[in-house]
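Okay, so here's the structure we're looking at.
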Amino acid sequence: MNTTHTRRGDVLALALLCTAQFMLILDVVVVNVAVPSIRTDLQVPDGALQFVAVAYTVAFGSLLVAFGRAGDLYGRRRIFLTGLTVFTFASLTAGLAQTGWQLIASRAVQGIGAAMISPTALALLTTRFEEDPARNRALSLWGAVGAGGAIAGQLIGGVLTELAGWRSVFLINVPVGVLAIVTATALLSEHRERAGTRLDGVAAALLSGGLVPAVLAVTWLPQHGLTSAVVVALSAAAVLLAGFAVRQRRSSAPLIDLALLLRPGVRTGIATLALSSAALTASLFFTSLYLQVVVGHGALAVGLAFAPLTVLILLITPFSGNVVTRVGARPPLVIGMALMAAGMLWLSRAPHDGGYWTDVLPGLLAMAVGSGIGYAPMFIAATTGVPPDEQGLTSGLLNTSQELGPAIGLATLAGVAAAVTAAPTAASLASGYRAGFLGAALLVLTATVAATRMPRDIGRATPSVGAATPVAGAA
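Numbered per UniProt numbering, the sequence shown spans residues 1 to 475.
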């Protein structure tokens, strides 16, 4: 642990950073259950309804690398606090929106704030805790809020929508955000690694500008086919991303240091996080639809159906850091991915006349245990050994994979499910969802194979470090 900080300060900082990340991940999925109420109340056309979710995800995912690098250069605390302010204000305007487009615009601004918060929060964590058991434990808690937040969003969204209306899923962020701003102002010190170095704004604009149409095109393609809008979006993405690549090659201070991606831990962590997050998000989406449309559960019942997953993940994940300290990141990562795949394969057999206890819960429990074991090793592997002046960039890349992976994966697997669904009957819909679950399992199996190629000892403590006295983050 960094000895310039007190144990109490480290615990409070860890709680603050993890709470902020939990809030961001929660907002990716919390609207899923609220969408029917939003459509009815604001009279949002079906064609525009998807943008309530997509606007947040696209803005969030496309700006993470730029803001992660900006935190390295201009101060992580400054970017973090600015992001909290933007996110909190946008949550208020989303909760008060009177039209669909006001809500969609607020969701996009929420995404911009989230892109400021997430990479700087992770970089603040990894630079506050040194590479020892305390850091692995801190990252295991970070992994818990990442995996747990995605699942808890289904539960919290269902409960809030049922009991307090859809506006509450946004307004609940306001008091949490204000408290986080006050706490961060008092607790966090400024941290910048490359004072005097300037952000390549052109490269950042080309990368972020290229990712937006790329994700939109992938989102639209399964639903609408290769329309002129999709072609234009793909063309714009290709031009902008090609421009970014050229800019990278010519720059003396590139936005993304390609040598960073040659590190086995970074490469494997990013790949496995993208694949597993895509599969998990899609599986939760299909499970929610299966329980509502096929089984016939209401929003509250669907939300409560995900409660066991949240509890399991929050119980298991904090201990995974200790496992990595003892055996390295590879073994728990491989085991976790394999269990997630097994859970999705179980769900891929759910019949049209199935039930929650026998056909859904066993698969969800396997996914929860696998996520609890496997998520923290991804972050530990990707950030171990990375220089302090590249922690913000690494955090941006990791969080980009965690946000854009699900956006692309869900769009693709939803297209697969739609292609298999022949008619709007329970039997046909169930067959489509089964195809989606099977596709998700294949993604996680691919992540499992990738994990086996990572060096075993990444994240494992040396004998001298392993004997260190436990410090903050042990809880």
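Backbone N, C-alpha and C define an ideal beta-carbon position, used for all residues, glycine too.
As the structure is a prediction and not an experimental result, all values here were calculated from the model.
For P388, the three-state secondary structure derived from DSSP is helix. I373 sits in a helix when the DSSP states are folded into three classes. Taking all protein chains in view, the Cβ of R107 is crowded by 16 or more other Cβ atoms within 10 Å, so the residue is classified as buried. In this structure, F87 lies near A114, with their beta-carbon atoms less than 8 angstroms apart. Counting C-beta pairs closer than 8 angstroms gives three or more between the segment 307 to 327 and the segment 139 to 152, which meets the contact rule. For the set S189, M23 and V246, the Cα lying nearest the Cα of G75 is the one of S189. DSSP places S252 outside both helix and strand once states are collapsed to three, so it counts as coil.
Between V302 and S288 a beta carbon distance of about 5 angstroms is seen, short of the 8 angstroms cut, so the two are scored as contacting. In the three-state scheme derived from DSSP, where H, G and I count as helix and E and B as strand, W346 is classed as helix. The beta carbon of A341 sits closer than 6 angstroms to the beta carbons of A441, V444 and L445 from its chain, once the five residues preceding and following it are set aside; these are given in chain order. Residue state for N32 is assigned as coil, using DSSP reduced to three classes. The three-state reading of DSSP puts R135 in helix, counting H, G and I together. Two segments are said to touch when three or more pairs of C-beta atoms, one from each, lie closer than 8 angstroms; by this definition the segment 394 to 413 touches the segment 214 to 223. In the three-state DSSP reduction, E162 falls in the helix class (H, G or I).
V386 has its alpha-carbon roughly 13 angstroms from the corresponding atom of L258. Rounded to whole angstroms, the separation of the alpha carbons of L122 and F67 is 12 angstroms. In this chain, the alpha helix (DSSP H) harbouring S106 covers G100 to R128.
Taking C-beta atoms under 8 angstroms as the contact rule, R128 and A15 fail to qualify, at a distance of about 12 angstroms. Following the DSSP letters along the chain, one finds D72 inside the alpha helix (DSSP H) bounded by residues F51 to Y74.
Listed in chain order, the alpha helix (DSSP H) runs fully inside the segment 262 to 340 are 264 to 289, 299 to 305 and 307 to 327, counting runs of at least 4 residues. Per the Cβ contact rule, the segment 243 to 253 is in contact with the segment 203 to 217 (3 or more Cβ pairs under 8 angstroms).
Its chain contains T448, A451 and T452 as the residues whose beta carbon lies nearer than 7 angstroms to that of V334, once the 5 sequence neighbours on both sides are disregarded; these appear in chain order. The three-state secondary structure of G225, taken from DSSP, is coil. Rounded to whole angstroms, the Cβ separation of A134 and I25 is 23 angstroms, and the two are not in contact under 8 angstroms. With respect to R460, T272 sits apart: the two C-beta atoms are not nearer than 8 angstroms.
Nearest to A274 by C-alpha distance, out of N399, V54 and A422, is N399.
For G148, the closest of F379, Y375, D389 and L397 by C-alpha to C-alpha distance is Y375.
By the C-beta criterion, the segment 94 to 113 is judged to be in contact with the segment 156 to 174, since at least 3 inter-stretch pairs fall below 8 angstroms.
In this structure, A152 sits away from V266, with a CB-CB distance that is not shorter than 8 angstroms. Of the residues Q98, L163, P254 and A184, the one whose Cα lies closest to the Cα of D200 is P254. Between A417 and A164, the alpha-carbon positions lie close to 32 angstroms from each other. By the Cβ test, the segment 418 to 434 is in contact with the segment 280 to 300, since at least three Cβ pairs between them sit closer than 8 angstroms.
Here A237 is buried, its C-beta having at least 16 other C-beta atoms within 10 Å.
In the structure shown, the three-state DSSP call for G201 is helix. With respect to the C-alpha of G61, the residue from R39, Q402 and S251 having the closest C-alpha is Q402.
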